[in-house]
Amino acid sequence: MRRLWTAALILMTAAGAAAGGTVKTKTPAQAVAAALSFTAPKGWTVVEYSNAEGADPVVRFESLADAVQIRLFGAPGSDYATPEDFLAGAAASEQGAAPAAAGTALVAGRKLAVHRRRFPIEAADPHRPSPGKSIMGTEVFCVLPLEGGRFAVLAYRRASPIPDLQRKGEKAWEAFLKTVRPKAK
Amino acid sequence: MPRGLKPVFFALFLAAAVSASAGPDDLFDARVPGALQPGQQETLLSLENGRYTLKEGRFFDARPADPAEPRLTKARVAELLAGPSSAARPDGSSTSAAGDAAYRRALSHVPKGTPAQMNFDGGTARGGDIRGPPGTAASVAASAAANPTALHVQFVSRLVFKGSRQEREALGEAVGLIMRSKTGRELAAEFVKERAAAEVTMGDLNHNSGETDTSLDPPKVTLSREYLGKDPDHSRVALAGTLAHELFGHAFEVQRSKKAGFPEVAHDHYRGDEIGSRLIDWLVQTELAGKVADADPKDFLEDPEGYYRELLTRDPYYILTFSPKEMKNPVTTLRGRGKLIDADAARTAAELKSNEEWRPIVAHFVKVHGIAKERMEPAEKELDDYLKWAQGHQSKLAACRKALEEQIKRWSSPEGAKEKKALIAAAGSPYLNGLEARLTVRARALRRLRAGRNPAAVIEMPPLVISPEPASGPKIDLEEVGRMYAEDMEKNPGHWK
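This is the structure we're talking about:
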């Protein structure tokens, strides 16, 4: 049985409040949970952080080479103000080229375009020139508009060029998308 | 002097500065061939009613800032030749008509219309000291933009170039290119203002484009000799970027951190040391050429925090680096990273196992379905490439784990307690906050330059090399094998029992 991620977040918030007395700032996971409800893949490891000095929270669920990722953008100070900016930027491109179209997905009753791109599975060493050829993984993602000009980028990433014979990650991604619901403010 | 000759003389001066370079704080020696261009000796001797005199190749100052050392340094001579503020009188007396004329002669190499002063924020520079009054970064940048030529002279005077003539010329050209970029000029102005210095040379580096020995005073920057043998169109901008990376990101920053009393251990373990330096490199290259010749910054730009996290298990150096927040609890942070290594090792092992599961599947389509083996080359190459990468990655993970365990042990022992304490104390220091702020500003600047609307964002990709299709049919990669496998499972389940 899958656990409800939002319920876990409520517990995390409560624990934070109990430990520190008051919760002053939302964690990245709390910020994501405030914007979306969803069911996380069961048993996957949770990773959370933010970019743009907290404006762009990231929550990722990882299992070996597979990851389901949620990124929020469009808040004041965000690296990407609009979905168009995001789709034209580094995070949506494959070595400078636009992502490939990869069909559509039904998310919260909306038919969203799915994009596909490859990414290097090993981060380039900032102290050395990039190797001519990297081992590439694959990411598919879609952009879900939210209230107030914000938007979520929902992604499935496989950090390996080797396809999974059991398609565990893809199945988890498909199941995850069915549970995503934007929250009204 | 005819205006057309001015750039020539300026170039000659720079070439002389590069070739005769011996250290900015070293004493100037007029006897060194090429140390002075025609007329420059007379110019110096005529300044301020004969304040400066020449004896046995050394210039003497009648009113030195330090009475114990009246002889002029190389930096001071360059400064005097560069502009009037540098020769400003510490006593505030007015400049004589003869002095003014001398200034004009000294400045004959400065392009017309360029304000001839190196006074960064509009105040009066102190005699014997090339730094102006304290100013904001913005005022430094504004002055640098207003007077790039004089800045170039002063910047070069802070550098010691070593190596063969060809190497010194390449390095001199790289400095010239740096000075054509906005980021380069701003940082050069700060470099000069803070009296930083560096030795710059070229050497045989093991697959490294550049390195800086920060244990030396001044730090020694070495750039790879491989740049000299590469396509000049590619390597000129890349060399300038690498020089900016090493010179400003490492050599300058370590001098700045020493002045601020920032402990060396914190400098060594700060995660922004490499990224901050690379950001300077990326900015300089993008400002010069609209692209980065030797690497793509998109890994960092697309998810900065995610990038830092991925770097951790890339190399034993990165597993021991911290954000300012993590620096407050270094041992706890390092203990937590053991799980990161565990997860990465488990992922790599699982993928290696999966890699081997695909080999019989590829072979099946050759043997059972009669697909020509040559068509399977892309799929087999992907499996081979991954195997090679994964084995190398496993070695790196082992090295990361060893480094992690050794560091935890060291900082948990009485011997390492002092070092750990210094690291923790540095975590909230104004210097570190300043470093982080600079990094953030540069990341934003690079993002703006690379934004979709800006032509600078266009990254030239190498042409796609498509090998001819074999007569037996199109080549098949691993993804296609995956589709064939799923289809065959459905159509011929008996094949897979």
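Residue numbers (this note's numbering), protein chains in the order written: chain A, 25 to 209; chain B, 2 to 498. Positions of the beta carbon are idealized from the N, C-alpha and C atoms, including for glycine.
For the segment 300 to 315 of chain B, the beta-carbon criterion of a distance under 8 Å to any beta-carbon of chain A is satisfied by 300, 301, 302, 303, 304, 305, 306, 307, 308, 310, 311, 312, 315. Sequence-distant Cβ neighbours of residue 26 of chain B in its own chain, meaning closer than 6 Å and more than five residues away, are 74. Beyond the five residues adjoining it in sequence on each side, residue 84 of chain A comes within less than 6 Å, by CB distance, of 71, 91, 93 in the same chain, given in chain order.
Exclusion of the five residues before and after residue 430 of chain B leaves 263 as the residues of its chain whose Cβ lies within less than 7 Å of its Cβ.
Residue 238 of chain B is not a Cβ neighbour of residue 172 of chain B, given a cutoff of 8 Å.
The DSSP-derived three-state label of residue 94 of chain A is strand. About 7 Å separates the beta carbon of residue 247 of chain B from that of residue 224 of chain B, a gap short enough to meet the 8 Å contact definition. Residues of chain A whose Cβ lies closer than 8 Å to the Cβ of residue 387 of chain B are, in chain order, 159, 184, 185, 186. Runs of beta strand (DSSP E) with 3 or more residues, each lying fully within the segment 138 to 181 of chain A, are found at 160 to 169, listed in chain order. In this structure, B:155 is the residue among B:155, B:337, B:407, B:316 with its C-alpha nearest to the C-alpha of residue 81 of chain B. If you check the CB distance, residue 411 of chain B and residue 384 of chain B do not come in under 8 Å.
Closer than 9 Å at the C-beta level to chain A, one finds no residue of the segment 171 to 186 of chain B. Counting along the chain, the unbroken beta strand (DSSP E) around residue 203 of chain B starts and ends at 199 to 204. Distance from residue 82 of chain A to residue 337 of chain B at the Cβ level is roughly 18 Å; contact not present, criterion being Cβ atoms closer than 8 Å. Within chain A, no C-beta atom comes less than 7 Å from the C-beta of residue 67 of chain B; the nearest is roughly 40 Å away.
Shown here, residue 240 of chain B sits in a helix according to DSSP, grouped into three states. Across the segment 114 to 127 of chain A, CB contacts with chain B closer than 9 Å involve 114, 115, 116, 117, 119, 120, 121, in sequence order along the chain. Within a 10 Å sphere around the beta-carbon of residue 208 of chain B sit fewer than 16 other beta-carbons, which makes this residue exposed. Close CB contacts of residue 482 of chain B within its chain, under the 8 Å cut and outside five residues either way in sequence, are with 359, 362, 363, 366, 377, 380 (chain order). Restricting attention to B:496, B:479, B:476, B:444, the CA atom closest to the CA of residue 76 of chain A is found in B:444. Under the Cβ criterion of 8 Å, residue 347 of chain B is counted among the residues facing chain A.
Residue 62 of chain B: member of the beta strand (DSSP E) spanning 59 to 62, first to last residue. Judged by beta-carbon spacing, residue 322 of chain B lies beyond the 8 Å limit of residue 394 of chain B, meaning their Cβ atoms are not closer than that value.
Secondary-structure assignment with DSSP links residue 74 of chain B through a beta bridge to B:28.
Where residue 260 of chain B is concerned, the enclosing alpha helix (DSSP H) starts and stops at 254 to 260. The Cβ-Cβ distance between residue 298 of chain B and residue 447 of chain B falls below 8 Å.
Within the DSSP secondary-structure output, residue 225 of chain B pairs in a beta bridge with B:204. In its chain, beyond the 5 residues on either side, 24, 161, 197, 198, 199, 200, 252, 256 have a beta carbon closer than 8 Å to the beta carbon of residue 219 of chain B.
Only buried fits residue 254 of chain B, as 16 or more other CB atoms lie within 10 angstroms of its CB. CA-CA distance, residue 203 of chain B to residue 487 of chain B, rounds to 55 Å. Contact note: residue 74 of chain A reaches chain B through 306, using a C-beta cutoff of 8 Å and chain order. When secondary structure is reduced to three states using DSSP, residue 441 of chain B falls in the helix class. Of all residues in the segment 128 to 152 of chain A, only 143, 144, 145, 146, 147, 148, 149, 150, 151, 152 come within less than 9 Å of chain B when Cβ atoms are compared, listed by chain position.
Among the residues facing chain B, residue 92 of chain A is not included, as its CB has no counterpart in that chain under 8 Å away. The way I'd put it, the segment 309 to 320 of chain B doesn't touch the segment 51 to 60 of chain A; fewer than three beta-carbon pairs between them come closer than 8 Å. At the C-beta level, residue 315 of chain B and residue 397 of chain B come within 8 Å of one another.
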